[in-house]
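Q: This structure is in structure tokens; I'll ask about it shortly.
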Amino acid sequence: MYALLLAGLAVVLAGVAPRVMARLVAFRRAPRPALVAWQAVSLSAVLAALFAAPAALGYLDNTTYGWIACSSQDDCATTLWWMENRRWIVLGTAAALALLVLGRLLLSGHRIGTRLRAARARHRELVDVLAEPDDGGRADGIRILDHATPTAYCLPGRRSRVVLTQGALAALPTDELEAVLAHERAHLRGRHDLLIEYFTVLHHSVPGPVRSPAALREVRLLVEALADRAAVRSSGPVPTARALLTLAQGQAPEASLGVAGEGTTAARMRLLAQPALAAPVVVLMYLYAGAVVVLPLLLLWLAWR
Ligand SMILES: [Zn+2]
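Using our numbering, the first residue of the sequence shown is number 352, and each one after it goes up by one.
Here it is, written out as structure tokens:
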């Protein structure tokens, strides 16, 4: 019973909840708790899928047989077979589900992680060869590319880089440039690359029909909105909005985190003009996140009780 509940919960949390949450655009006004809620839902989906097999173990101890009513010999044989083998079928299904989830997670994590890190390392080497270190006295790790298109992005990792083009330096006044740098540093400091990698791995781990591209897009937007908040704290909303507009035409390369990302500029500019969510709503979002993570643990405990 609890094994089936956990398997059902995994399907709901992996397939239904992300689709519903991606439509709750008000969550964008509190990107940090929203990202915590997204992580909670995804973690809970994985836990529920992995716990289904251990929960089914409890089912093996159930030796109670009921009366069987048979209208014909064939029906009776089938029912008897089911009564005798049902526990192994439930356990086998749950174990297969857990192994499938674990296998897909590990494989997807390995593939995506390896590809991203290789792409980032290649791009960092290229930037170090082609770009000039910043001479504006701001900080180490800033590289200036000789290119006319205004673009800014960061390459996360141990030897992180913030890359700006000459076009960006020419187009952005000081306060807007500071907003851009604050945005990129927020990505690097918060290791937003790991967050996006985590969700990308999960996205590719779930079967195609359950997968929700809207959920991954929403998480990416929330990460950008979170970095925009750092830019607003540094330079204010107007310079941040202006910088977003200036950089909207530029594109960040793969495996980096840019200021202007994937057609999200309009949505992010709207967010800059909106007030943050009220504190009670934020508290509710954290409570929701906590409850979602506790649910599979509670079901496993009930199964073993
Ligand atoms: Zn960004």
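Ideal Cβ placement from N, Cα and C applies to all residues, glycine included.
Whole angstroms is fine: what's the gap from H538's alpha carbon to L595's?
A: Reading the sequence shown from its first residue, position 187 is the one you call residue 538. Reading the sequence shown from its first residue, position 244 is the one you call residue 595. Whole-angstrom Cα-Cα distance: 15 Å.
Q: Check the DSSP bridge columns for V514 and list the partner residues they point to.
A: Working through the sequence shown from its first residue, we reach residue 514 at position 163. Paired residues: R494 and Y504.
Q: Pick from V531, D526, L496 and P507: whose alpha carbon is nearest that of Q517?
A: On the sequence shown, residue 517 is found 166 positions in, with the first residue counted as 1. The option with the nearest alpha carbon to Q517 is L496.
Q: Would you decide whether E569 is buried or exposed? Buried here means 16 or more other CB atoms lie within 10 Å of its CB.
A: Indexing the sequence shown from 1 puts residue 569 at position 218. Buried is the call here.
Q: With G641 as the anchor, note down where its alpha helix (DSSP H) starts and where it stops.
A: In the sequence shown, residue 641 corresponds to position 290, counting from 1. Start and end: A630 to W655.
Q: Just how far apart, CA to CA, sit E548 and M434?
A: Stepping through the sequence shown from its first residue, residue 548 is reached at position 197. Stepping through the sequence shown from its first residue, residue 434 is reached at position 83. C-alpha separation (whole angstroms): 45 Å.
Q: Within its chain, find whatever has a CB closer than 7 Å to the CB of L653; leave out the 5 residues flanking it on each side and keep chain order.
A: The residue labelled residue 653 in the question sits at position 302 within the sequence shown. Closer than 7 Å at the Cβ level, and outside the excluded window around L653, lie Y353.
Q: Classify L608 as helix, strand or coil using the three-state DSSP reduction.
A: As a working note, residue 608 is residue 257 in the sequence shown. Looking at L608 - three-state DSSP - the assignment turns out to be strand.
Q: Out of curiosity, what's the CA-to-CA distance linking P382 and T429?
A: One-based indexing of the sequence shown puts residue 382 at position 31. One-based indexing of the sequence shown puts residue 429 at position 78. Roughly 54 Å between the two C-alpha positions.
Q: If distances are taken between C-alpha atoms only, which option among C427, V387 and A445 comes closest to V362?
A: Your numbering for residue 362 matches position 11 in the sequence shown. Nearest of C427, V387 and A445 to V362, Cα basis: A445.
Q: Quickly, what does DSSP pair P484 with across the bridge? List them, please.
A: As a working mapping, residue 484 is identified with position 133 in the sequence shown. R494.
Q: Leaving aside the five residues before and after R619 along the sequence, list all residues of the same chain whose C-beta is less than 8 Å from its C-beta, in chain order.
A: Counting from 1 along the sequence shown, the entry for residue 619 is found at position 268. L572, E575, A576, D579 and L595, listed in sequence order.
Q: Express the C-alpha separation of A566 and R536 in angstroms, rounding to a whole number.
A: What you label residue 536 is simply residue 185 of the sequence shown in a count that begins at 1. What you label residue 566 is simply residue 215 of the sequence shown in a count that begins at 1. One C-alpha to the other measures close to 25 Å.
Q: So what's P382 in DSSP terms, helix, strand or just coil?
A: As a first step, residue 382 must be located in the sequence shown, where it is residue number 31. Correct three-state label for P382: helix.
Q: Go ahead and pull the three-state DSSP assignment for G541.
A: By 1-based counting over the sequence shown, the position of residue 541 is 190. Looking at G541 - three-state DSSP - the assignment turns out to be coil, as it is neither helix nor strand.
Q: Could you give the distance in angstroms between the alpha-carbon of R379 and the alpha-carbon of I440?
A: Within the sequence shown, numbered from 1, the residue matching residue 379 stands at position 28. Within the sequence shown, numbered from 1, the residue matching residue 440 stands at position 89. Going from the Cα of R379 to the Cα of I440 covers about 43 Å.
Q: Within the same chain, show all residues whose beta-carbon is closer than 6 Å to that of A533, passing over the 5 residues directly before and after it, in chain order.
A: Position 182 of the sequence shown holds residue 533. Once the five neighbours on either side are set aside, the close Cβ partners of A533 are A581, A582 and S585.
Q: Please find out if some non-hydrogen atom of ligand 1 comes closer than 7 Å to the beta-carbon of E575.
A: Start at 1 with the first residue of the sequence shown, and residue 575 comes out as number 224. Checking the Cβ of E575 against ligand 1 gives yes.
Q: At a threshold of 7 Å, does A599 count as lining ligand 3 (C-beta to nearest heavy atom)?
A: You won't find ligand 3 in this model; what it holds is ligand 1.
Q: Applying the criterion that 16 or more other CB atoms from any shown protein chain within 10 Å of the CB defines a buried residue, is W389 buried or exposed?
A: The residue labelled residue 389 in the question sits at position 38 within the sequence shown. Per the 10 Å Cβ criterion, buried.
Q: In three-state terms, what does DSSP make of F523?
A: Within the sequence shown, the letter at position 172 stands for residue 523. The residue you asked about is not Phe; residue 523 is Leu in the sequence shown. Coil at L523, not helix or strand.
Q: Is L360 buried or exposed, if buried means 16 or more other CB atoms sit within 10 Å of its CB?
A: Position 9 of the sequence shown, counted from the start, is the residue given in the question as residue 360. So L360 counts as buried.
Q: Going by alpha carbons, who is nearest to L608 out of R656, L553, Q625 and L515?
A: Taking the sequence shown and counting its residues from 1, the one referred to as residue 608 is at position 257. Residue L515 is the option with its Cα nearest to L608.
Q: Tell me whether D479 is buried or exposed, calling it buried when 16 or more other Cβ atoms sit within 10 Å of its Cβ.
A: In the sequence shown, counting from the first residue as 1, residue 479 sits at position 128. Exposed, by the Cβ-count rule.
Q: Could you give the residue range of the alpha helix (DSSP H) that holds V583?
A: The count along the sequence shown starts at 1 and reaches residue 583 at position 232. Here the alpha helix (DSSP H) through V583 covers P564 to S586.
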